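Participant:
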Amino acid sequence: MSALLAAESVTVRRGGRALVEAASLSLRAGEVLALVGPNGAGKSTLLRTLAGLETPASGTVRLEGRPLAGWPVPARVRRIGYLPQSFTPHWDLTARALIGLGAGRGAVLPWGGTASGPADAPDGGIDALAAGFDLADRLDRPWSTLSGGERGRALLAAVLATEPPVLLADEPAAALDIAQQLRLMRRLRARADAGRGAAIVVLHDLNLAARWCDRVAVLRAGRLVLDGESGPVLRDPALDAAFGVRFRRTAEAGRVMLWPEEG
Amino acid sequence: MKLPLLLLPLAFAVAVLLGADTLGPGDLLALATDPAAPLSRLVWAWRVPRVLAAACVGALLGLGGALFQGVFRNPLAEPYLLGGAGGAAVGATLGLLAPLPLPAPLALPLLAFAGAWGATGLVLLLARAAGLVAVPGLLLAGVAVAAVLGAARSFLMLALSDETVSLQAVLSWTLGGVQTPSWPELGGLALLVLLALAAALPLARGLDLLGLGEDMAASLGLPVARFVRLAVLAGAFVVAASVVWGGLVGFIGLMAPHLARWRLGPAHARVIPAAAAIGASLAMLADGVARAALPPAEIPLGLVTALVGGPFFLLVLAREARR
Chain A
1 MSALLAAESV
11 TVRRGGRALV
21 EAASLSLRAG
31 EVLALVGPNG
41 AGKSTLLRTL
51 AGLETPASGT
61 VRLEGRPLAG
71 WPVPARVRRI
81 GYLPQSFTPH
91 WDLTARALIG
101 LGAGRGAVLP
111 WGGTASGPAD
121 APDGGIDALA
131 AGFDLADRLD
141 RPWSTLSGGE
151 RGRALLAAVL
161 ATEPPVLLAD
171 EPAAALDIAQ
181 QLRLMRRLRA
191 RADAGRGAAI
201 VVLHDLNLAA
211 RWCDRVAVLR
221 AGRLVLDGES
231 GPVLRDPALD
241 AAFGVRFRRT
251 AEAGRVMLWP
261 EEG
Chain B
1 MKLPLLLLPL
11 AFAVAVLLGA
21 DTLGPGDLLA
31 LATDPAAPLS
41 RLVWAWRVPR
51 VLAAACVGAL
61 LGLGGALFQG
71 VFRNPLAEPY
81 LLGGAGGAAV
91 GATLGLLAPL
101 PLPAPLALPL
111 LAFAGAWGAT
121 GLVLLLARAA
131 GLVAVPGLLL
141 AGVAVAAVLG
151 AARSFLMLAL
161 SDETVSLQAV
171 LSWTLGGVQT
181 PSWPELGGLA
191 LLVLLALAAA
201 LPLARGLDLL
211 GLGEDMAASL
221 GLPVARFVRL
231 AVLAGAFVVA
241 ASVVWGGLVG
251 FIGLMAPHLA
261 RWRLGPAHAR
271 VIPAAAAIGA
281 SLAMLADGVA
291 RAALPPAEIP
301 LGLVTALVGG
311 PFFLLVLARE
321 ARR
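Sequence order for the protein chains is A and B.
Sequence positions in the first sequence follow full-length UniProt numbering and run 1 to 263.
Sequence positions in the second sequence follow full-length UniProt numbering and run 1 to 323.
#1: Confirm, please, whether the CB-CB distance from L201(B) to P273(B) is below 9 angstroms.
#2: Grab me the residues of L259(B)'s own chain with a C-beta within less than 6 angstroms of its C-beta, minus the 5 sequence neighbours each way, in chain order.
#3: For the beta strand (DSSP E) that D170(A) lies in, which residues bound it at each end?
#4: Is P67(A) closer than 9 angstroms to V10(A) when the C-beta atoms are compared?
#5: For S281(B), count neighbouring C-beta atoms within 10 Å of its own C-beta (all shown protein chains included) and say buried if the count is 16 or more, exposed if not.
#6: Using a cut-off of 8 angstroms between C-beta atoms, extract the partners of L212(B) located in chain A.
#7: For L18(B), I'd like the list of residues in its chain whose CB is within less than 7 angstroms of its CB, leaving aside the five on either flank, ordered along the chain.
#8: In the DSSP output, what is S58(A) paired with across the bridge?
#9: At a Cβ threshold of 9 angstroms, is T145(A) touching chain B?
#10: Are the beta-carbon atoms of R138(A) and L146(A) separated by less than 9 angstroms?
#11: Could you tell me if A37(B) is buried or exposed, where buried requires 16 or more neighbouring beta carbons within 10 angstroms of its beta carbon?
#12: So that I know if they touch, is there some Cβ in chain A lying closer than 9 angstroms to that of F4(B)?
#13: Would you say P74(A) lies against chain B (beta-carbon separation less than 9 angstroms)?
#14: If the cut-off is 9 angstroms on Cβ atoms, which residues from the segment 52-72 of chain A count as contacting chain B, listed in chain order?
#15: To which residues of the same chain is D205(A) closer than 7 angstroms at the C-beta, ignoring the five residues directly before and after it?
#16: Does the separation of the CB atoms of G265(B) and R73(B) fall below 9 angstroms?
#17: Exposed or buried, residue 329(A), counting other C-beta atoms within 10 Å across all chains shown (16 or more means buried)?
#18: Quick one: which chain B residues come within Cβ less than 7 angstroms of M105(A)?
#19: If we ignore side chains and look at the alpha-carbon of each, how far apart do G115(B) and A269(B) end up?
#20: Considering just the uninterrupted stretch of the beta strand (DSSP E) at W143(A), what are its terminal residues?
#21: With a threshold of 7 angstroms on Cβ separation, who are the neighbours of A11(B) within its own chain once the five nearest residues in sequence on each side are excluded?
#22: To which residues of the same chain is A85(B) closer than 6 angstroms at the C-beta, ignoring the five residues directly before and after it?
#23: How would you label E171(A), buried or exposed, when you count the other beta carbons within 10 angstroms and need 16 or more for buried?
#24: With G246(B) and G142(B) assumed to form a contact (beta carbons below 8 angstroms), what rounded beta-carbon distance in angstroms separates them?
#25: Thinking R220(A) and G37(A) are a contact (beta carbons under 8 angstroms), I'd like their distance in whole angstroms, please.
#26: Buried or exposed, going by whether 16 or more other CB atoms sit within 10 Å of the CB of A218(B)?
#27: Run through chain B and tell me which residues come within less than 8 angstroms of T94(A), C-beta to C-beta.
#28: Looking only at its own chain, which residues have a Cβ that is under 7 angstroms from the Cβ of A204(B), when we skip the five neighbours before and after it?
#29: Excluding five sequence neighbours on each side, which residues of the same chain lie with their C-beta closer than 8 angstroms to the C-beta of A22(A)?
#30: Considering just the uninterrupted stretch of the alpha helix (DSSP H) at G310(B), what are its terminal residues?
#31: Step through the CB atoms of chain B and report whether any lies within less than 9 angstroms of the CB of residue 325(A).
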């Protein structure tokens, strides 16, 4: 299967230091890929580069075979959804306004004006979309009155409003409680299984990766040290070295589970 | 949208009544129905154009504030506080006092625009270079630039003035104030307000996106750097227009967008026109107070707005600090 989104030998530098070095990673249709690694390994930088938010010093990122720079911006941003690690809007906008901005993103002209034509509403309208995210009665509430879970769902609804075939999510589970994490991962899995969109998800919880992701890629100090199917990668002793801990491994319903212990 | 639009005629009526001899509400009917009466003629010839000029300057101040707060993503940003207006005033002072090869009616607005643009760009650059995009850092960078510009303006006034040019005209810039315009002048000013609105409104969606943070804005397709440059350019145009016509009037640019957001929410497509309407209303009222407070003298408009706006600023600051 050909890659939806692929980084080809991508190096990203900031201030003379390589944050990501010669990383090659590809995402195929129907996949949920976990990007894991210790803090500072370059996970966010690689994800931002894949999203087109960071320009690599060398190497290329291709979307559907075409370099990112070769895509018209509106078409590109409608195909790649990016979920940032932390999101704090500067104004107290409503969930409806946020989802509207997410849904209308192809309509932004180069000077930031509004194109006439397709309205900001996705198919079926913002209300229908919001219902799928359990936000129906929260749509017109200002951001400051929403709970953490509601904020996470509203942001995800905005990012997914254009049904992007690729979702890049930077630690989406970090601020969520266990039930919300479960719902999020189940949603991403279901999207991928239905062929509606593949995802790269930065995760800290390896057991979430084991349970929900087809593939796991491990970054350490800017380099991809492991990349493959979840089971084999998570059983690989190189994983212990990458994180600097010793994992005790057990099997649960055919899946590996990892229990970190002191080095 | 309703409330700000309702405010306009109300503020206009009150402002027309206010003045060296303040009229009662009952006189409004006479003014409207009997334009030949001596009092009516006086009011129509002098007070109405003055009130309308104040409205236009206030609309520009409100627009400038909405653009600045949007670009800086900061509810405390305001052209007067962040050096934009100060830069325009330096340009205007140069235009008035320096011997230039250009005619004054051309040099004044051009230099004011260049000053506003340069100062705003400088604040943005300083804040970014120091990594100070958060509220206090940005304000500090702005206040420092505004202070330097204020000193530069004073120096220019001292260095360039002689008997041939009156310092009075330049001083009125410093304190802020609206002159009574001729009807053609008023037409030009009104046209400027429409132009400013036309320049600001297409930026609404971009400002909304920018408010989500730069990464989020970029991932939703906004060319962030290019958009900010463009918005600063539009903001400088609006600020320069307001300074050329009304001098240094503070705090209306701070209050108007706040009141707009408070009533209508943060979407810029609504905040921008509402801030113009609210700014116009505030300026008409403040200018009315300036004319009526110490008859027959007038107190400077900037003094009235600072008296009200200063405490308002502190209130907003306290609320931001608590967030």
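Yeah, the Cβ is synthetic: ideal placement off N, Cα and C, and Gly gets one too.
Here the structure is a predicted model, which means the values were calculated and not measured.
Facilitator: To lay it out plainly:
#1: The answer is yes: Cβ separation under 9 angstroms.
#2: Within the same chain, Cβ atoms closer than 6 angstroms to the Cβ of L259(B) are found at I278, the five residues on either side in sequence being excluded.
#3: Residues V166 to D170.
#4: 9 angstroms or more divides the Cβ of V10(A) from the Cβ of P67(A).
#5: Counting Cβ neighbours within 10 Å, S281(B) comes out buried, since at least 16 surround it.
#6: Result: F87, P89, H90, L98 and L101.
#7: Result list for L18(B): G288, V289, R291 and A292, in chain order.
#8: Paired residue(s): T11(A).
#9: For T145(A), no CB of chain B lies under 9 angstroms from its own CB, so it is not counted at the interface with that chain.
#10: Taking a C-beta distance under 9 angstroms as the contact criterion, R138(A) and L146(A) qualify as a contact pair.
#11: Classification of A37(B): exposed, given that the 10 Å Cβ count is below 16.
#12: According to the sequence as given, residue 4(B) is Pro; it is not Phe. It does not: the Cβ of P4(B) has no partner Cβ on chain A nearer than 9 angstroms.
#13: Chain B, which has a Cβ nearer than 9 angstroms to the Cβ of P74(A), makes this yes.
#14: In summary, the residues of the segment 52-72 of chain A whose CB is separated from some CB of chain B by less than 9 angstroms are G52 and L53, in the order they occur in the chain.
#15: So the qualifying residues of the chain are A173.
#16: No. Outside cutoff.
#17: Shown here, chain A extends from 1 to 263; a query on residue 329(A) therefore has no answer.
#18: Correcting the residue identity first, residue 105(A) is Arg in this sequence and not Met. Here the neighbours are L220 and G221.
#19: Those two C-alpha atoms are separated by around 28 angstroms.
#20: For W143(A), there is no enclosing beta strand (DSSP E), as DSSP gives it neither H nor E.
#21: Around A11(B): S281, M284 and L285.
#22: When the five nearest sequence neighbours on each side are left out, the beta carbons in the same chain lying within less than 6 angstroms of the beta carbon of A85(B) are those of P79, V239, V243 and L248, in order along the chain.
#23: Of the residues assessed, E171(A) falls on the buried side of the cut-off, its CB having 16 or more other CB atoms within 10 angstroms.
#24: The Cβ separation is near 20 angstroms, so there is no contact.
#25: Here R220(A) really is in contact with G37(A); their C-beta atoms are around 6 angstroms apart, less than 8 angstroms.
#26: Under this definition A218(B) is a buried residue.
#27: What T94(A) touches in chain B: G265.
#28: Same-chain partners within the cutoff: H268, A269 and I272.
#29: Shown here for A22(A): same chain residues with a beta carbon closer than 8 angstroms to its own, the five before and five after excluded, namely S9, V10, T11, G59 and R223 in chain order.
#30: Here the alpha helix (DSSP H) through G310(B) covers L301 to R322.
#31: Because chain A is modelled from 1 through 263, residue 325(A) falls outside the range shown and cannot be assessed.
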